[in-house]
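Visitor:
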Amino acid sequence: METESMDCESSVRSIQNDEIHHTGTYHFSSTKSHAGAAAAVVTNIVGPTATAPATSVYELLECPVCTYSMYPPIHQCHNGHTLCSTCKVRVHNRCPTCRQELGDIRCLALEKVAESLELPCKYYNLGCPEIFPYYSKLKHESLCNFRPYSCPYAGSECGIVGDIPFLVAHLRDDHKVDMHAGSTFNHRYVKSNPREVENATWMLTVFHCFGQYFCLHFEAFQLGMGPVYMAFLRFMGDEEEARSYSYSLEVGGSGRKLTWEGTPRSIRDSHRKVRDSNDGLIIQRNMALFFSGGDRKELKLRVTGKIWKEQHSPDSGLCIPNLSSS
Numbered sequence: 001m002e003t004e005s006m007d008c009e010s011s012v013r014s015i016q017n018d019e020i021h022h023t024g025t026y027h028f029s030s031t032k033s034h035a036g037a038a039a040a041v042v043t044n045i046v047g048p049t050a051t052a053p054a055t056s057v058y059e060l061l062e063c064p065v066c067t068y069s070m071y072p073p074i075h076q077c078h079n080g081h082t083l084c085s086t087c088k089v090r091v092h093n094r095c096p097t098c099r100q101e102l103g104d105i106r107c108l109a110l111e112k113v114a115e116s117l118e119l120p121c122k123y124y125n126l127g128c129p130e131i132f133p134y135y136s137k138l139k140h141e142s143l144c145n146f147r148p149y150s151c152p153y154a155g156s157e158c159g160i161v162g163d164i165p166f167l168v169a170h171l172r173d174d175h176k177v178d179m180h181a182g183s184t185f186n187h188r189y190v191k192s193n194p195r196e197v198e199n200a201t202w203m204l205t206v207f208h209c210f211g212q213y214f215c216l217h218f219e220a221f222q223l224g225m226g227p228v229y230m231a232f233l234r235f236m237g238d239e240e241e242a243r244s245y246s247y248s249l250e251v252g253g254s255g256r257k258l259t260w261e262g263t264p265r266s267i268r269d270s271h272r273k274v275r276d277s278n279d280g281l282i283i284q285r286n287m288a289l290f291f292s293g294g295d296r297k298e299l300k301l302r303v304t305g306k307i308w309k310e311q312h313s314p315d316s317g318l319c320i321p322n323l324s325s326s
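Those letters in the sequence shown? Residues 1 to 326, by UniProt numbering.
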């Protein structure tokens, strides 16, 4: 993905390394491993001391191939070794433990044991206090508010996951993202050949204000028959909390301007999902060149914006913007 230049002329200050506060001692990252035709994400967690659940029975329900919990149908070989139905296909009907040929034997006893279990969410050491019947656990974990976030960096296949402080440090150190403190910004985006806009992406910017982190994206891509430029903001947290904030973007030149106001999207939504929903400031190429002025051979766009937190009036129930960045 092409990366172009971006001049930051905002009034906000850069975030120093010691200002990225870690709210807990845990962090985690991911690596991808491949087994047969499928890939699984293996998460290594380093965390605060927590009381682990009794694992003797739980380990019996762990598939030896993918290491995930097994759900019916649970298969076994003639020697009693078990594995999940997905991995049965992966190993070409050969037991991964004793290499004997697998038949169609179900381990009904283990399936019955699973029905009687109640287990904590797998994110218990990240703060989730919930305990679920074995067969309800998967659904909860797919929506758990304590589950990890994916790296929000656009333009790469980064597979890192973690909590917000860990991802902020990862963006700063590994992706060399611009880090700023403050709720207002004034950026100038430049591109030497504006007709080559397909999949052009400018450097991500992370803002720290109201005790939260926000990601500002700006890029060009093909929309319908023509290219467009798009700017949008994402909130580094869950959707419910994202709705507590609003932001505005403005771009202009030659006595004209376009403005956008909306709610930042959570990084639970992928970068592509937000972009493809057109949920942000969209500038058609001809308008972008008009804003740039001159001979229309170089893109020079100045995007200004601000972030604020909505506060509800206890008397009227109305939202009152809070423009303080503290």
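Note that beta-carbon positions come from the ideal geometry of N, C-alpha and C, so glycine has one too.
What are the partner residues of Met-230, as DSSP defines its beta bridges?
Guide: The residue labelled residue 230 in the question sits at position 230 within the sequence shown. For Met-230, which the question treats as bridged, DSSP gives the partners Glu-219, Ile-282.
Visitor: Please return the same chain residues whose Cβ sits closer than 8 Å to the Cβ of Val-177, not counting the five positions on each side in sequence.
Guide: Within the sequence shown, numbered from 1, the residue matching residue 177 stands at position 177. Answer for Val-177: Tyr-153, Leu-171, Met-203, Leu-204, Thr-205, Val-206, listed in chain order.
Visitor: Under the criterion of a Cβ to heavy atom distance below 6 Å, does His-208 qualify as lining the ligand SAH?
Guide: In terms of ligand content, the structure shown is empty, and the ligand SAH therefore cannot be addressed.
Visitor: Looking at C-alpha atoms only, which residue of Gln-222, Cys-128, Phe-221, Lys-300 is the closest neighbour of residue 343?
Guide: It is not possible to answer for residue 343, since the shown part of the chain is limited to 1 through 326.
Visitor: Give the DSSP-derived three-state secondary structure of Met-287 in the structure shown.
Guide: As a first step, residue 287 is located in the sequence shown; it is residue number 287 there, counting from the start. It is helical.
Visitor: As a quick exercise: from Tyr-58, Val-190, His-81, Gln-284, pick the residue whose alpha carbon is nearest that of Lys-137.
Guide: Along the sequence shown, read from residue 1 onward, the residue named residue 137 stands at position 137. It is Tyr-58.
Visitor: Exposed or buried, which one is Gly-280 when buried takes at least 16 other CB atoms within 10 Å?
Guide: Walking along the sequence shown from the start, residue 280 turns up at place 280. By the neighbour-count rule (16 or more Cβ atoms within 10 Å), Gly-280 is buried.
Visitor: Our contact map puts Val-274 next to Phe-232 with C-beta atoms below 8 Å; I'd like the distance itself, whole angstroms only.
Guide: The residue labelled residue 274 in the question sits at position 274 within the sequence shown. The residue labelled residue 232 in the question sits at position 232 within the sequence shown. Val-274 to Phe-232, Cβ: 6 Å. Contact.
Visitor: Report buried or exposed for Ser-292, applying the criterion of at least 16 other Cβ atoms within 10 angstroms of its Cβ.
Guide: Counting from one through the sequence shown, the residue named residue 292 turns up at place 292. Buried, since its Cβ has 16 or more Cβ neighbours within 10 Å.
Visitor: Could you tell me whether the stretch 226–241 touches the stretch 259–275, where touching means 3 or more Cβ pairs closer than 8 Å?
Guide: The stretch 226–241, when compared against the stretch 259–275, does touch it at the 8 Å Cβ threshold.
Visitor: If you compare alpha carbons, which of Tyr-135, Arg-243, Leu-299 is closest to Val-113?
Guide: Along the sequence shown, read from residue 1 onward, the residue named residue 113 stands at position 113. Ranking Tyr-135, Arg-243, Leu-299 by Cα distance to Val-113 puts Tyr-135 first.
Visitor: Check whether the Cβ atoms of Ser-246 and Glu-310 lie closer than 7 Å to each other.
Guide: Counting from one through the sequence shown, the residue named residue 246 turns up at place 246. Counting from one through the sequence shown, the residue named residue 310 turns up at place 310. Cβ atoms of Ser-246 and Glu-310: closer than 7 Å.
Visitor: With a CB to CB cut of under 6 Å and the five nearest residues on each side skipped, what residues in its chain are close to Leu-126?
Guide: By 1-based counting over the sequence shown, the position of residue 126 is 126. Closer than 6 Å at Cβ, skipping near neighbours: Phe-146.
Visitor: Does Glu-115 pass the burial test, meaning 16 or more other C-beta atoms within 10 Å, or should it be called exposed?
Guide: Sequence index remark: in the sequence shown, residue 115 carries index 115 (1-based). The residue in question, Glu-115, is exposed, as its Cβ has fewer than 16 Cβ neighbours within 10 Å.
Visitor: Please give me, in chain order, every unbroken run of the beta strand (DSSP E) with length at least 3 that falls completely inside the UniProt domain "SIAH-type" (116–176).
Guide: Correct list: 118–120, 131–133.
Visitor: Would you mind sorting Val-89 into buried or exposed? The rule is 16 or more other CB atoms within 10 Å of its CB.
Guide: Along the sequence shown, read from residue 1 onward, the residue named residue 89 stands at position 89. By the neighbour-count rule (16 or more Cβ atoms within 10 Å), Val-89 is not buried but exposed.
Visitor: Which first and last residues belong to the alpha helix (DSSP H) in which Val-206 is found?
Guide: Translated into the one-based positions of the sequence shown, residue 206 becomes position 206. No alpha helix (DSSP H) contains Val-206, which is instead part of the beta strand (DSSP E) from 205–209.
Visitor: Are the Cβ atoms of Val-251 and Val-303 separated by less than 7 Å?
Guide: Position 251 of the sequence shown holds residue 251. Position 303 of the sequence shown holds residue 303. Against a cut-off of 7 Å, the Cβ pair of Val-303 and Val-251 comes out as a contact.
Visitor: Measuring alpha carbon to alpha carbon, tell me which of Thr-86, Glu-261, His-81 ends up nearest Arg-99.
Guide: Numbered from 1 along the sequence shown, position 99 holds the residue referred to as residue 99. For the residues Thr-86, Glu-261, His-81, the minimum Cα distance to Arg-99 belongs to His-81.
Visitor: In terms of residues, what are the limits of the beta strand (DSSP E) holding Glu-101?
Guide: If you number the sequence shown from 1, residue 101 lands on position 101. Note, Glu-101: premise wrong, no beta strand (DSSP E); not H, not E.
Visitor: Confirm, please, whether the CB-CB distance from Ser-244 to Lys-306 is below 7 Å.
Guide: Here residue 306 refers to the residue found at position 306 when the sequence shown is read from its first residue. Here residue 244 refers to the residue found at position 244 when the sequence shown is read from its first residue. Going by C-beta atoms, Lys-306 is not nearer than 7 Å to Ser-244.
Visitor: Per DSSP, which one or two residues make a beta bridge with Tyr-245?
Guide: Indexing the sequence shown from 1 puts residue 245 at position 245. Paired residues: Lys-309.
Visitor: Would you kindly report the start and end of the unbroken alpha helix (DSSP H) that includes His-271?
Guide: Within the sequence shown, numbered from 1, the residue matching residue 271 stands at position 271. 271–276 is the extent of the alpha helix (DSSP H) around His-271.
Visitor: Could you tell me whether the Cβ atoms of Arg-106 and Pro-73 are closer together than 7 Å?
Guide: The residue you call residue 106 lines up with position 106 of the sequence shown. The residue you call residue 73 lines up with position 73 of the sequence shown. In this structure, Pro-73 lies closer than 7 Å to Arg-106 by Cβ.
Visitor: Over what stretch of residues does the beta strand (DSSP E) that includes Val-190 continue unbroken?
Guide: Start at 1 with the first residue of the sequence shown, and residue 190 comes out as number 190. Val-190 -> beta strand (DSSP E) spans 184–191.
Visitor: Look at Cys-63 and Leu-102 and say whether their C-beta atoms are less than 7 Å apart.
Guide: As a working mapping, residue 63 is identified with position 63 in the sequence shown. As a working mapping, residue 102 is identified with position 102 in the sequence shown. For Cys-63 and Leu-102, no; Cβs fall outside 7 Å.
Visitor: Are there 16 or more other CB atoms within 10 angstroms of the CB of Ser-192, so buried, or fewer, so exposed?
Guide: By one-based count along the sequence shown, residue 192 stands at place 192. Under this definition Ser-192 is an exposed residue.
Visitor: Assuming Leu-117 and Pro-96 are in contact, meaning their beta carbons sit under 8 Å apart, how far apart are those beta carbons, in whole angstroms?
Guide: Stepping through the sequence shown from its first residue, residue 117 is reached at position 117. Stepping through the sequence shown from its first residue, residue 96 is reached at position 96. That belief does not hold up - the Cβ atoms of Leu-117 and Pro-96 are roughly 24 Å apart, past 8 Å.
Visitor: Need the endpoints of the beta strand (DSSP E) that Cys-87 sits in, please.
Guide: Position 87 of the sequence shown, counting from 1, holds the residue named residue 87. It is not in any beta strand (DSSP E) - Cys-87 instead sits in the alpha helix (DSSP H) that spans 85–90.
Visitor: Can you check DSSP and say which residues form a bridge with Leu-110?
Guide: Along the sequence shown, one-based indexing puts residue 110 at 110. DSSP lists no partner for Leu-110.
Visitor: If Trp-260 and Ser-183 are in contact, beta carbons under 8 Å, what's the gap, nearest whole angstrom?
Guide: Counted from its first residue, the sequence shown places residue 260 at position 260. Counted from its first residue, the sequence shown places residue 183 at position 183. Trp-260 to Ser-183, Cβ: 16 Å. No contact.
Visitor: For Met-70, does the count of other Cβ atoms within 10 angstroms reach 16, so buried, or fall short, so exposed?
Guide: Indexing the sequence shown from 1 puts residue 70 at position 70. Met-70 should be labelled buried.
Visitor: May I have the straight-line CA-CA distance separating Cys-209 from His-175, to the nearest angstrom?
Guide: Counting from one through the sequence shown, the residue named residue 209 turns up at place 209. Counting from one through the sequence shown, the residue named residue 175 turns up at place 175. If you take the alpha carbons of Cys-209 and His-175, they lie about 21 Å apart.
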